[in-house]
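Take the sequence shown: its position 29, counted from the start at 1, is 887 in our numbering, and no numbers get skipped.
Where a beta carbon is used, it is the ideal one built from N, C-alpha and C, also for glycine.
Worksheet: one structure, shown below.
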Amino acid sequence: MTERFQGRLADVIRRPLITEKATRALELNQYTFEVDHRAAKPDIKAAIEQLFDVKVTGISTMNPPRRSRRMGRFAGKRAQVKKAVVRLAEGNSIQLFPES
859 MTERFQGRLA DVIRRPLITE KATRALELNQ YTFEVDHRAA KPDIKAAIEQ LFDVKVTGIS
919 TMNPPRRSRR MGRFAGKRAQ VKKAVVRLAE GNSIQLFPES
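This is how it looks when you write it as structure tokens:
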């Protein structure tokens with residue numbers, strides 16, 4: 859684990875991503891999260907295992923280019939987003955939708 863997130867693993871994971879593709883991947887025991895763009899794979903693995911008490915078998919990360927945004931005459935860029943697809947060991951699962 860890198861020194862950047864030592865002791866603050868909850869800051870690595872921002873939120874789960876719920877899209878059609880991510881929902882189909884749930885059947886394969888793969889979960890998609892938006893993570894801090896500076897986080898490395900060992901940081902993500904440690905954060906998921908600690909927060910959800912599961913065993914991670916693999917991680918794939920995507921760091922797409924930033925998108926341009928324009929509001930009138932002001933141009934800028936959107937916040938940088940990094941996605942992580944986390945594969946869990948057989949028999950493990952994460953409860954994304956808590957039952958009321």
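Exercise. Do the CB positions of F891 and A942 come within less than 8 Å of each other?
Worked result: On the sequence shown, residue 891 is found 33 positions in, with the first residue counted as 1. On the sequence shown, residue 942 is found 84 positions in, with the first residue counted as 1. In this structure, A942 lies closer than 8 Å to F891 by Cβ.
Exercise. How many angstroms separate the CA atom of D966 from the CA atom of A933?
Worked result: Because the chain in this structure spans residues 859 to 958, residue 966 falls outside the shown range and cannot be described.
For this session: Taking only runs that begin and end inside the segment 884–915, name each unbroken alpha helix (DSSP H) of 4 or more residues, in chain order.
Result: Counting only runs of 4 or more, we get 899–910.
Exercise. If you follow the beta strand (DSSP E) that V943 is part of, which residue opens it and which one closes it?
Worked result: As a working note, residue 943 is residue 85 in the sequence shown. Start and end: 940–946.
Exercise. Is it a yes or a no for the segment 865–872 touching the segment 914–921, going by three-plus beta-carbon pairs under 8 Å?
Worked result: No: fewer than three Cβ pairs fall under 8 Å.
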